[in-house]
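Participant: Heads up: the first sequence begins at 6 in this note's numbering, then just goes up one per residue. Structure below; questions to follow.
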Amino acid sequence: MLKRETAKLLKPMTTSDSATVKNSIRVRMAPSPTGSFHVGSARTALFNYLFARHVSGQFILRVEDTDMQRNDAAYEQVIYEAMEWLGLHSDENPLSGGPYGPYRQSERFDLYREYAQQLVASGAAYPAYETADELAAMKAEQAANKLPPRYNGAHRDLTAEQRAAFEAAGRKAVLRFRVPEGEIAWDDVVRGRVAWQSKEIDDFVIQKSDTTPTYNFACVVDDHLMQVSDVIRGEDGLSNTPRQIMLYQALGFEVPKFAHLPFLLGRDRSKLSKRHGPVSLLDFRDQGILPEAMFNYLSLLGWNPGEGETQEIFTREELIQRFTLENVNKAGAIFDVEKLHWMNTQYLKQMPIARFIELARPYLLEAVPDLQAEDAYTQQAINMARERIHGIADIKDAATYFFSDNYTVDETGAAKHLTNVSKPRLEQLRQRFEALSEWNHDSIENAIRTLATDLNIKPAELIHPVRMAVSGRTVGPSVFELLAVLGRERVLRRLSGVGGR
RNA sequence: GGCCCGUUCGUCUAGAGGCCUAGGACAUCAGAUUCUCAUUCUGAAGAUCAGGGGUUCGAAUCCCCUACGGGCUACCA
């Protein structure tokens, strides 16, 4: 209901109106460097990016590395590499900095301690001295009695003397948030109104015993300090939201807008994970998926332009122009590699040949060390070869024979097409090619068809052996075009070589 | 277990009470073109809108219940 009204209210907004909100919209992507960069994270980052660019706001990258156990500096690089590859440029981040830095949580510990102390001072938070064992025992007992596992609030109202006693005994305290009674509700931009009873939530930890913050706490402090206006994140953030809202309120911060994105799912409809196959963004790059194809594909998972639009291929600019949170779906979407591949080929086919060669170069270089990218021959050859590949990595196999005589030969195909019957015919064809005054598609076709007529055989009986002889394979471009592009010299040489096989 | 979120062709989705005999795309199948493969084009099949109850003259669309799926329930993020 509210969603609809919001959409209507936003519609009549003029350019000058949106210029007014400019700069006040700030969103952030906050990954933690604990491994590879998941496509699900990429999709979340993408929606943040699209939203920010659409409203001319700021897109921030913040690294959430508060878990000293699991973090690794090398993983932070993975984040940058992945974001860079997808073309998700952030306005503020740990590397280039910005007005609200630092952008790495491990460099902001003092800040969190300060705010945590503020909550203790106001009575909104308190130290709790239970040991891990005591907590475990408490949970076990609750489980035995079929009660929900929840902190029982034992240290909620310790006296100063009791606290001093624990301290004297050498116990370290965590800081727990004193959850107030009542209902917490918000209007989620993608889900509508979501409400929670605070009695469902126990007094959660905001500062660990080593004085570092927990996720929920650091997140709130940072989002506020970094002036984040719209929190766009995965739906696993849904159940954290009431905790965070209580924190915003206790701290006296303004509560941002929340938008919870549906998950990316695996084939079995559970949250997409390694079990489902490669899920790291960079894995797809390594498989030859183009960043623009991934960008396009991901944008359509859980979002669509609406209004009956049937277009599927969009440029980055079109996506930025059309993206709105109102059109984000609520239900999770299965990550379907088949469609990704289809989209990839769309981009592969229509991209400028120069760019294609640039992307293909690393694969080609393995077989063709002296590749000349600007060469007209190279461009023609690659252009022809790319017609039938599905991933850029396939180009090596599909194009090597254009440049080198040292290509792999399909032996099964050779046995079939290069026989004692066809070899003499190929020699005759070679002679006719040699005698041709012009070397082009039509003259070649004419020569082949004429010879076929003279020999009283079907053209196909020449065509297949020729392709085999000059490319080493049974499939590929039209033979006439293929020969024309390869050039007479190369063709004659390879036809001569056939006799020796 | 408790709480929260979700449910339209196999998959991604359109759908904002009558335009829905539910539209598009991927995948599938068939045909056309053809020297192969790929492309391209044409066509087919595929969803009683999770199920049940309401509200309404009329429901995929609004309400309720059920089922199923997912998430959260850490001194992880």
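The beta carbon of each residue, even a glycine, is placed where N, CA and C say it ideally should be.
Using only the heavy atoms of the ligand NAP, determine whether one of them is closer than 6 Å to the beta carbon of A173.
Facilitator: This structure lacks the ligand NAP; in fact it carries no ligand of any kind.
Participant: Hey, could you find the ends of the beta strand (DSSP E) Y131 is sitting in?
Facilitator: Taking the first residue of the first sequence as 1, we reach residue 131 at position 126. 130-133 is the span of the beta strand (DSSP E), which, as asked, contains Y131.
Participant: Pull up the distance between the alpha-carbon of K354 and that of A298, whole angstroms please.
Facilitator: The residue given as residue 354 occupies position 349 in the first sequence. The residue given as residue 298 occupies position 293 in the first sequence. Using only the alpha carbons, I get a separation of about 12 Å.
Participant: For N98, count the other beta carbons within 10 Å of its own beta carbon; 16 or more makes it buried, fewer makes it exposed. Which is it?
Facilitator: Within the first sequence, residue 98 is the residue found at index 93, counting from 1. N98 comes out buried.
Participant: For the beta strand (DSSP E) holding K262, just list the boundary residues, first then last.
Facilitator: If you number the first sequence from 1, residue 262 lands on position 257. Unbroken beta strand (DSSP E) run through K262: 262-266.
Participant: Run the CB neighbour count on Y406, radius 10 Å, all protein chains shown included, and call it buried at 16 or more, exposed below.
Facilitator: Reading the first sequence from its first residue, position 401 is the one you call residue 406. When all chains shown are included, Y406 counts as buried.
Participant: Reducing DSSP to helix, strand and coil, say where D235 ends up.
Facilitator: Within the first sequence, residue 235 is the residue found at index 230, counting from 1. DSSP places D235 in strand when its eight states are reduced to three.
Participant: Alpha carbon to alpha carbon, how far is S234 from K27? Give it in angstroms, no decimals.
Facilitator: Here residue 27 refers to the residue found at position 22 when the first sequence is read from its first residue. Here residue 234 refers to the residue found at position 229 when the first sequence is read from its first residue. Residue placement at K27 is flagged as unreliable, the pLDDT there being 46, under the threshold of 50; the coordinate-derived value follows with that caveat. Near 12 Å, if we compare the C-alpha coordinates of S234 and K27.
Participant: For the stretch 483-497 against the stretch 420-434, do three or more pairs of beta-carbon atoms, one drawn from each stretch, fall closer than 8 Å, so that the two count as touching?
Facilitator: Not touching, per the Cβ criterion.
Participant: Taking the alpha-carbon of E69 as reference, which of G40, S244, K177, R437 has the nearest alpha-carbon?
Facilitator: Stepping through the first sequence from its first residue, residue 69 is reached at position 64. For E69, the nearest C-alpha among the options comes from G40.
Participant: How many angstroms separate the CA atom of F222 from the CA atom of Q167?
Facilitator: Indexing the first sequence from 1 puts residue 222 at position 217. Indexing the first sequence from 1 puts residue 167 at position 162. Approximately 26 Å between the Cα atoms of the pair.
Participant: Got a sec, what are the start and stop residues for the beta strand (DSSP E) F182 sits in?
Facilitator: Stepping through the first sequence from its first residue, residue 182 is reached at position 177. Segment 179-182, the beta strand (DSSP E) holding F182.
Participant: With burial defined as no fewer than 16 other Cβ atoms inside 10 Å of the residue's Cβ, what is the status of N301: buried or exposed?
Facilitator: Counting from one through the first sequence, the residue named residue 301 turns up at place 296. Label assigned to N301: buried.
Participant: Keeping to the same chain, check which residues put their C-beta closer than 6 Å to that of Q147; ignore five residues upstream and five downstream.
Facilitator: Start at 1 with the first residue of the first sequence, and residue 147 comes out as number 142. Closer than 6 Å at Cβ, skipping near neighbours: P154.
Participant: In angstroms, rounded to a whole number, what distance separates the CA positions of P247 and N157?
Facilitator: Here residue 247 refers to the residue found at position 242 of the first sequence. Here residue 157 refers to the residue found at position 152 of the first sequence. So the alpha carbons of these two residues sit roughly 19 Å apart.
Participant: Does the count of Cβ pairs from the stretch 303-323 and the stretch 359-378 closer than 8 Å reach three?
Facilitator: These segments do not touch.
Participant: Assign V195 to buried or exposed, taking buried as 16 or more other Cβ atoms, counted over all protein chains shown, within 10 Å of its Cβ.
Facilitator: Taking the first residue of the first sequence as 1, we reach residue 195 at position 190. That one is buried.
Participant: Which residues in the same chain as Y54 place their Cβ atom closer than 7 Å to its Cβ, once the five residues preceding and following it in sequence are excluded?
Facilitator: In the first sequence, residue 54 corresponds to position 49, counting from 1. Once the five neighbours on either side are set aside, the close Cβ partners of Y54 are F64, L93.
Participant: Who are the near neighbours of G103 in its chain, counting only those whose CB is closer than 6 Å to its CB and skipping five residues on each side?
Facilitator: Residue mapping note: residue 103 aligns to position 98 of the first sequence, counting from 1. Excluding residues within five positions, the ones whose Cβ falls inside 6 Å are E97.
Participant: On the CB-based measure, 16 or more other CB atoms within 10 Å of its CB, does L500 come out buried or exposed?
Facilitator: Here residue 500 refers to the residue found at position 495 of the first sequence. Label assigned to L500: buried.
Participant: Contact defined as beta carbons within less than 8 Å: I believe A457 pairs with F438. What is the distance between those atoms, to the nearest angstrom?
Facilitator: The residue labelled residue 457 in the question sits at position 452 within the first sequence. The residue labelled residue 438 in the question sits at position 433 within the first sequence. The Cβ separation is near 14 Å, so there is no contact.
Participant: Below 8 Å, can you find three or more Cβ-Cβ pairs linking the stretch 395-415 to the stretch 469-485?
Facilitator: Result yes; three or more Cβ-Cβ pairs closer than 8 Å.
Participant: Just to confirm, is the Cβ distance from V32 to V284 under 7 Å?
Facilitator: The sequence position of residue 32 within the first sequence is 27, counting from 1. The sequence position of residue 284 within the first sequence is 279, counting from 1. Result no, Cβ atoms of V32 and V284 do not sit closer than 7 Å.
Participant: Along the chain, where does the beta strand (DSSP E) that runs through D208 open and close?
Facilitator: For the purposes of this step, residue 208 is taken as residue 203 along the first sequence, with counting starting at 1. Counting along the chain, D208 falls outside any beta strand (DSSP E), and DSSP gives it neither H nor E.
Participant: Pull up the CB-CB distance for G396 and N349, whole angstroms please, since I reckon it's below 8 Å.
Facilitator: Locating residue 396 in the first sequence gives position 391, where the first residue counts as 1. Locating residue 349 in the first sequence gives position 344, where the first residue counts as 1. The Cβ separation is near 7 Å, so the contact holds.
Participant: For N98, name the three-state secondary structure that DSSP assigns.
Facilitator: Position 93 of the first sequence, counted from the start, is the residue given in the question as residue 98. If DSSP states are grouped into helix, strand and coil, N98 belongs with the strands.
Participant: Going by the DSSP bridge assignment, what does R198 pair with across the sheet?
Facilitator: Here the question's residue 198 lines up with position 193 in the first sequence. According to DSSP, which records beta bridges pairwise, R198 is partnered with D192.
Participant: Rounded to the nearest angstrom, what separates W513 and G293 at their Cα positions?
Facilitator: One cannot answer for residue 513 here, as it falls past the ends of the chain, which runs 6 to 506.
Participant: Would you check if the distance between the CB atom of I362 and the CB atom of I387 is smaller than 7 Å?
Facilitator: Translated into positions along the first sequence, residue 362 becomes position 357. Translated into positions along the first sequence, residue 387 becomes position 382. Cβ atoms of I362 and I387: closer than 7 Å.
Participant: How is the beta strand (DSSP E) around F64 delimited, first residue to last?
Facilitator: Within the first sequence, the letter at position 59 stands for residue 64. Run containing F64: 63-66, per the beta strand (DSSP E) assignment.
Participant: Between the stretch 236-244 and the stretch 123-134, do at least 3 Cβ pairs fall closer than 8 Å?
Facilitator: Verdict: no, contact absent.
Participant: Going straight from the alpha carbon of P185 to that of V83, what length do you get?
Facilitator: Counting from one through the first sequence, the residue named residue 185 turns up at place 180. Counting from one through the first sequence, the residue named residue 83 turns up at place 78. For P185 and V83, the distance between alpha carbons rounds to 40 Å.
Participant: If you drop the 5 nearest sequence neighbours on each side, which residues of the same chain put their C-beta closer than 7 Å to that of K463?
Facilitator: Mapped onto the first sequence, residue 463 falls at position 458. Cβ within range, chain order: A457.
Participant: Please classify L295: is it buried, with 16 or more other beta-carbons within 10 angstroms of its beta-carbon, or exposed?
Facilitator: The residue you call residue 295 lines up with position 290 of the first sequence. Buried is the call here.
Participant: Candidates R48, T49, V60, F209: which alpha carbon is nearest Q326's?
Facilitator: Counting from one through the first sequence, the residue named residue 326 turns up at place 321. When only C-alpha atoms are compared, the closest one is V60.
Participant: Once you ignore the five residues that flank L488 on each side, which residues in its own chain have a CB closer than 6 Å to its CB?
Facilitator: The residue you call residue 488 lines up with position 483 of the first sequence. Answer for L488: I449, V496, listed in chain order.
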